[in-house]
Each structure stands twice: as structure tokens, then as C-alpha cells.
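2 protein chains.
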Amino acid sequence: MTRANEAWESLMRAYAVLMKRFNAEDVWGDLTMREYDVLYTLSKCDGPLRMSELNRHVLLSQPALSRMVDRLVDRGLVVRCPDPGDRRGVRLSLTPDGRKVQREIGLPHARSVTRALNVLTPQELEQLAAITAKLAGNEEK
Amino acid sequence: MTRANEAWESLMRAYAVLMKRFNAEDVWGDLTMREYDVLYTLSKCDGPLRMSELNRHVLLSQPALSRMVDRLVDRGLVVRCPDPGDRRGVRLSLTPDGRKVQREIGLPHARSVTRALNVLTPQELEQLAAITAKLAGNEEK
DNA sequence: TTAGAGTAGATGCAAACGCATAGAACTTGA
DNA sequence: TCAAGTTCTATGCGTTTGCATCTACTCTAA
Numbered sequence: 056m057t058r059a060n061e062a063w064e065s066l067m068r069a070y071a072v073l074m075k076r077f078n079a080e081d082v083w084g085d086l087t088m089r090e091y092d093v094l095y096t097l098s099k100c101d102g103p104l105r106m107s108e109l110n111r112h113v114l115l116s117q118p119a120l121s122r123m124v125d126r127l128v129d130r131g132l133v134v135r136c137p138d139p140g141d142r143r144g145v146r147l148s149l150t151p152d153g154r155k156v157q158r159e160i161g162l163p164h165a166r167s168v169t170r171a172l173n174v175l176t177p178q179e180l181e182q183l184a185a186i187t188a189k190l191a192g193n194e195e196k
Numbered sequence: 056m057t058r059a060n061e062a063w064e065s066l067m068r069a070y071a072v073l074m075k076r077f078n079a080e081d082v083w084g085d086l087t088m089r090e091y092d093v094l095y096t097l098s099k100c101d102g103p104l105r106m107s108e109l110n111r112h113v114l115l116s117q118p119a120l121s122r123m124v125d126r127l128v129d130r131g132l133v134v135r136c137p138d139p140g141d142r143r144g145v146r147l148s149l150t151p152d153g154r155k156v157q158r159e160i161g162l163p164h165a166r167s168v169t170r171a172l173n174v175l176t177p178q179e180l181e182q183l184a185a186i187t188a189k190l191a192g193n194e195e196k
């Protein structure tokens, strides 16, 4: 077992443990964590986002995301607009209501995250952010 | 946005990016990644594992895990035995066939993992493993 | 300009999921 | 010793997921 494999396994475990803990917290209202993830991603990007863009950030198949957006549109949290530059495409953005819901959930959740990660020293937080960014950024085959 | 939140977001992104990449690789045979995760967890622990133990490591609800084990038993990869010490419980272990399947998939997958994580320096790998272990280990409220 | 290849997103359908809950076995305290 | 509470796994049921495929649009090159 290489160091790389050990590191990956450790990362997976940390992810699983923390996700379970966050999921168990009573802050999600009537959203699932996955739905929140979509709202959050949309809230971060000011401009409207393409479906395919969004799909790169969310751990969900393209059809599943498409239907999830359906539901979020039905619930009035997201709007689908045609993309003027590419008529196949769709531009997604939050409605005011969607933005409000995202903020209301995001606040307590962000606090949980802070609490959970504060077992690390400031230096470790820095290192973790840098290392994982490097990992995610490496897109070449 | 605190450092902690940035670090967590970065970790989530890395996890999503790598999981998508691994999932896209053609090494899973007729298993899903989640099913492989169960076989892998069982393969690591020599002794039989309790359902609830297993559930701590896998990102899946308890009922979903229960049914997934059903399917793996049906496919002859896992065996369910009664726990002599606790008659509510169940002890899970791999069949020889399950062990074989795990190894056959695990080998190429481990190579992918190594390739993906080798963009990091040995020191960074070390740090990543240590930091994520610290994160996962912190179980108190 | 247009045929063929490629890309974006939606949809049919079976499989898998989560929530609520059941049932059976342990534990605790009166 | 036994009632009340807890823990472990399984099951009913409605919802969500992924795979395969479809349609519509864009891009490329002859």
C-alpha cells in the first residue's frame, strides 16, 4: 500500500465521517444536502451557471441533476433561462427565494463546518486547503 | 468565510473531482463504487464485521446498507452469520469469491489512486494523511 | 452548404435510496 | 424479574438515482 493510497483512504474516511455528522444536524429544513449543494454552488457564482458547469461541481449524474433542477424550479428556488449564445443550453440562477433559503441554511451549516474543522491548527487548515486544491486542479488525464 | 470553511469546500471539491474521475474509469466490472467500498472495507478487517461497524465507514443509510448486503449475499460475495454474543446482530465477511472480486478490482483502482495522488509531493501526501486522520478521528460532539 | 460528428440537456425505466417504522434482542433500574 | 428504554437489523413505501437513449443544436471540413 503506497502513501498515496493511504492518504486517499484517509481523505475518504474524513469525508464520510464529516458528511454523516453534518447530515445528522438539524439545519437542512426540507432540503437534502445534495439540493443544498446545488443552491450553494449557484450562490457562489454570481452569473448564471450552465447545467454542465454545475454538474462538474456536484457529485451527481447529468440526468439526476437535470431532474433535481426540475424540482428546485418547481419549488421556486431556481430559474432556468435559455442561453442566448447556445440554444441547446440552459442558464441557471437562484430566485430571490432560493437565495434566501440558501442563506438561512448556509449560516448554521457554516458554523458546524467551522466547529468540525477547528480541531486543526491554522497551519493545518492552510495546508489542507492548499493540498486539496492542488488535487482538484489536476485535471489532465 | 473562515479558513475552516474554505478548507472544507476545497476538500469537498477534491473529493468530487476525484470520485468522478475514478468512477469514469473502466475497472468496476459489474459492481458500483459503493459496492466495491463495502467489499474493500470488509477485506481490510480480517475478522467479521458488524453491520453497524460497516455502516460507520460507508456513506449510506442503514437500510440502504442492509439491502446492499442482501444483494452482495445473493451474488455470493458476502456471507451473513449470526453473532454468537448478540443475537440481534450480524457478522459479515467476504466469501472467497468476494475476496477475489475485491482484489481484481482493487488492483487497477489502487493504481489509479496512486496516479491521481502523485501530483502531490511525498511530504504533502504525509500531511494530507495526517490532517484527514485527525479530522476523522475527532468524534466527540 | 451541408453531411457527419460532437455536445447539451431531457426522458423512459428499472434499480437503489432514505425515512419511518417494525420486531427482536439486549440493558437498566425498581 | 420484569417493564421501560435502547440498540440492531429488516421491511414498506414513495422518491431519487443511474444507464441508455432521444432530440435539438453546434461545429468542422469537404
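For the record, the sequence lines run as chains A and B. Its first residue numbered 56, the first sequence is counted upward by one per residue in the numbering used here. Its first residue numbered 56, the second sequence is counted upward by one per residue in the numbering used here. Backbone N, C-alpha and C define an ideal beta-carbon position, used for all residues, glycine too.
- When Cβ-Cβ separations below 8 angstroms define contact, LEU66 of chain B makes contact with chain A.
- Identification of chain B residues near VAL72 of chain A by a Cβ-Cβ cut-off of 7 angstroms yields ALA191, ordered along the chain.
- Within the segment 163-177 of chain B, the residues whose Cβ lies closer than 7 angstroms to some Cβ of chain A are ALA165, VAL168, THR169, LEU172, ASN173, VAL174, LEU175 and PRO177, listed in chain order.
- For ARG154 of chain A, the enclosing alpha helix (DSSP H) starts and ends at 151-172.
- The beta carbon of ALA62 of chain B falls within 8 angstroms of a beta carbon belonging to chain A, placing the residue at that interface.
- Remark: C-beta atoms of SER148 of chain A and LEU97 of chain A approach each other more closely than 8 angstroms.
- Residue pairing from DSSP places PRO137 of chain A in a beta bridge opposite A:VAL145.
- Counting the other Cβ atoms within 10 Å of the Cβ of SER107 of chain A gives fewer than 16, which makes it exposed.
- For THR187 of chain B, the enclosing alpha helix (DSSP H) starts and ends at 177-192.
- C-alpha of GLU80 of chain B to C-alpha of ILE160 of chain B: approximately 11 angstroms in a straight line.
- Counting only residues of its own chain and dropping the five nearest sequence neighbours on each side, LEU94 of chain A has a CB closer than 7 angstroms to the CB of LEU132, LEU149, GLY153, VAL156 and GLN157.
- Distance from ALA191 of chain A to LEU183 of chain B at the Cβ level is roughly 13 angstroms; contact not present, criterion being Cβ atoms closer than 8 angstroms.
- In terms of CA proximity to LEU104 of chain B, B:CYS136 leads the group B:CYS136, B:MET56 and B:GLN117.
- At a cut-off of 4 residues, the continuous stretches assigned as alpha helix (DSSP H) that sit fully inside the segment 88-125 of chain A are 88-99 and 106-112.
- Put simply, the backbone Cα of LEU115 of chain A is about 32 angstroms away from that of GLN178 of chain A.
- Taking CB atoms only, GLN182 of chain B has a neighbour in chain A less than 8 angstroms away.
- Against chain B, a Cβ distance below 7 angstroms from ALA188 of chain A picks out SER65.
- Between the C-alpha atoms of ARG68 of chain A and THR187 of chain B there is a straight-line separation of about 8 angstroms.
- In the structure shown, LEU132 of chain A adopts coil according to DSSP, grouped into three states.
- THR57 of chain B reaches chain A at THR169, counting residues in chain order whose Cβ is nearer than 7 angstroms.
- Here ASP92 of chain B is buried: its Cβ has 16 or more other Cβ atoms, across all protein chains shown, within 10 Å.
- Rounded to whole angstroms, the separation of the alpha carbons of ARG146 of chain B and GLU181 of chain B is 34 angstroms.
- With a threshold of 8 angstroms between beta carbons, LYS75 of chain A makes contact with chain B.
- For the C-beta of ALA79 of chain A, not a single chain B residue is nearer than 8 angstroms; the gap to the nearest is close to 11 angstroms.
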